[in-house]
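As structure tokens, the structure follows; a few thoughts come after it.
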Amino acid sequence: VYFFHILFYGSLPYNASRNCFLTIAVPVGYRVRLKALDFDVQGQWGKCEREDTLHIFDHNQQLEPETLSANEQLPIGGHSPGRLLGEFCGKIETDLTKNDHSSSLNQRSILAESSQNALTLWWHTEDLQNLNNQKQTTPPLSTLTSKSTNLRTNSQGFRLLWSSFRYTNSSSEKCRTINSKSFQKNNSSNLLLNEFKCKKTTLNSPKMEECIPTQLGCNSYADCLDGSDLDAQLQLKHGCEHIPNIPLSVLISSGPKRLLLCAALLLLWLSLCLGCCCCY
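Numbering-wise, the sequence shown is residues 1 to 280 according to the UniProt record's numbering.
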């Protein structure tokens, strides 16, 4: 999860005069999905002109994440970003951390999906002097109302969730689960990721699956397009730990042997307590 204005997010407005670039690269073979958990930026949604704006660019070629450095400048890996996927400003009203996947607002929260394994983000905010000049020269009947003026001073910024995902190439290909024969056969070098199979199939082909790395399937965010990775039973099936509403998930996912051992230790502790009570 990427927080803009991370130290004071939710308590102070973001700063003016910012010009930031961020490239997100996931393992080769996966794509990037970028979702807004919160988005509160000055301006009107879908009509970004002079306002503070988040631009999202695709990449035309695969990037090797292992070869990239944290301070690398554009072009990344010798490749410049590709086409512009979207420009975003304004506000998403709904609290998207509630994971209401059936609503159109949730679809609105999906800002972009890459064609390769990388996205580049460009976030810029206007110079404070320009904002002051614009306020002074704006006529009373301008579209810059008092409400939008408040947004310039009170907007909180955004929280973005990026997820790596892939669609199977054919109806015969499946997600690579750790128990599958294809995973064990082709993962002798430990290069493949154990995958979480999302519940719903793709829209283009009902026989093709959406797969995400199991590490994403076990976090507390909806990385699957349909949000099925938040299903507690599916998380338990994939060996996730610390599952909400299942207090013993850590023990259950660790296997029956550890569960039996913990049960035996608990019985021993109870026996000692009862013995001490009887003695006194």
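We put the CB at the ideal spot given by N, CA and C, even for glycine. No experiment lies behind these values; they were computed from the predicted model shown.
Worksheet entry | Contacting residues, own chain, Cβ-Cβ under 6 Å from L191 (five flanking each side not counted) | Interpretation of L191 is limited by its pLDDT of 48, a score under 50 that renders its predicted location unreliable; the figure taken from the coordinates is listed afterwards. Taken in chain order, the list of residues that qualify is empty.
Worksheet item: Does the beta-carbon distance from K174 to E210 come in below 8 Å?
Response: In this structure, K174 lies away from E210, with their beta-carbon atoms at least 8 Å apart.
Worksheet entry | As assigned by DSSP and simplified to three states, the class of L12 | The answer is coil: DSSP assigns L12 none of H, G, I, E or B.
Worksheet item: Measuring CA to CA, which of F158, K197 and L216 is closest to S164?
Response: That would be L216, whose Cα lies nearest to the Cα of S164.
Worksheet item: How many Å lie between G157 and E49 at the Cα?
Response: Cα-Cα distance, rounded: 17 Å.
Worksheet item: Using the rule of at least 16 other Cβ atoms within 10 Å of the residue's Cβ for burial, across every protein chain shown, is L272 buried or exposed?
Response: So L272 counts as exposed.
Worksheet item: Any idea which residues DSSP pairs G86 with across the strands?
Response: Looking at the DSSP assignment, G86 forms a beta bridge with I56.
Worksheet entry | As assigned by DSSP and simplified to three states, the class of S17 | Coil at S17, not helix or strand.
Worksheet entry | According to DSSP, residues forming a beta bridge with K174 | According to the DSSP secondary-structure assignment, K174 is paired through a beta bridge with no residue.
Worksheet item: Using the beta-carbon count (16 or more within 10 Å), is N169 buried or exposed?
Response: Burial is judged here by how many other beta carbons sit within 10 angstroms of a residue's own beta carbon; N169 has fewer than 16 and is exposed.
Practice prompt. Just tell me which of C198, Y30 and T177 has its CA closest to the CA of C224.
Written response: Looking at the Cα atoms, C198 is the closest of the given residues.
Fill in: Cut-off 7 Å between Cβ atoms - residues of its own chain near S114, not counting five sequence neighbours on either side
Setting aside the 5 residues that flank it on each side, S114 is surrounded in the same chain by R31, V32, D58 and H59, each with a C-beta closer than 7 Å to its C-beta; the list follows chain order.
Worksheet item: Between T125, Q42 and I110, which lies nearest to L16 when the distance is taken from Cα to Cα?
Response: A small fix is needed here, since residue 16 is Ala in this sequence, not Leu. The residue with the shortest Cα to Cα distance from A16 is T125.
Worksheet item: How many Å lie between W162 and L265 at the Cα?
Response: Cα to Cα, the separation comes out at about 42 Å.
Practice prompt. Report buried or exposed for W123, applying the criterion of at least 16 other Cβ atoms within 10 angstroms of its Cβ.
Written response: By the neighbour-count rule (16 or more Cβ atoms within 10 Å), W123 is buried.
Item to complete: With DSSP collapsed to three states, give me the class of E64.
Response: Correct three-state label for E64: coil.
Fill in: Sequence-distant residues of the same chain with beta carbon closer than 6 Å to Q184, five excluded per side
At Q184, the pLDDT of 45 sits below 50, so the modelled position is not reliable; the number obtained from the coordinates is stated separately. In its own chain, leaving out the 5 sequence neighbours on each side, no residue places its CB closer than 6 Å to the CB of Q184.
Worksheet item: Under 8 Å between the Cβ atoms of A112 and G82?
Response: One thing to note: A112 has its Cβ no nearer than 8 Å to the Cβ of G82.
Discussion item. Can you give me the C-alpha to C-alpha distance between T137 and K35, rounded to a whole angstrom?
Written reply: At T137 the pLDDT is 48, less than 50, meaning the model places this residue with poor confidence and gives no usable figure here.
Worksheet item: Considering only residues of the same chain and omitting the five flanking positions on each side of P65, which have a CB-CB separation below 6 Å?
Response: Correct list, in chain order: A25.
Practice prompt. Would you kindly report the start and end of the unbroken alpha helix (DSSP H) that includes L119?
Written response: Secondary structure note for L119: it is in no alpha helix (DSSP H), and the uninterrupted beta strand (DSSP E) holding it is A118 to H124.
Practice prompt. List the endpoints of the continuous alpha helix (DSSP H) containing K237.
Written response: Where K237 is concerned, the enclosing alpha helix (DSSP H) stretches over A232 to K237.
Discussion item. On the DSSP bridge list, what partners appear for V32?
Written reply: In DSSP, V32 forms a bridge with S164.
Practice prompt. For V1, count neighbouring C-beta atoms within 10 Å of its own C-beta (all shown protein chains included) and say buried if the count is 16 or more, exposed if not.
Written response: Sixteen is the threshold: since fewer than 16 other Cβ atoms of the shown chains lie within 10 Å of the Cβ of V1, the residue is exposed.
Discussion item. Between L63 and the ligand GTP, is there a pair consisting of the residue's CB and a ligand heavy atom that are separated by less than 7 Å?
Written reply: No copy of the ligand GTP occurs in the structure displayed, which carries no ligand at all.
Worksheet item: Do R159 and L37 have their CB atoms nearer than 8 Å?
Response: Here R159 is near L37, since their CB atoms are less than 8 Å apart.
Practice prompt. Report yes if the CB atom of Y14 is closer than 8 Å to the CB atom of S155, and no otherwise.
Written response: Their beta carbons are under 8 Å apart, which means Y14 touches S155 by this criterion.
Worksheet entry | Euclidean distance between Cα positions of L274 and L267 | Taking the straight line from one Cα to the other gives about 10 Å.
Worksheet item: Taking only beta-carbon atoms, is V26 less than 8 Å away from chain D?
Response: The structure shown contains no chain D; it holds only a single protein chain.
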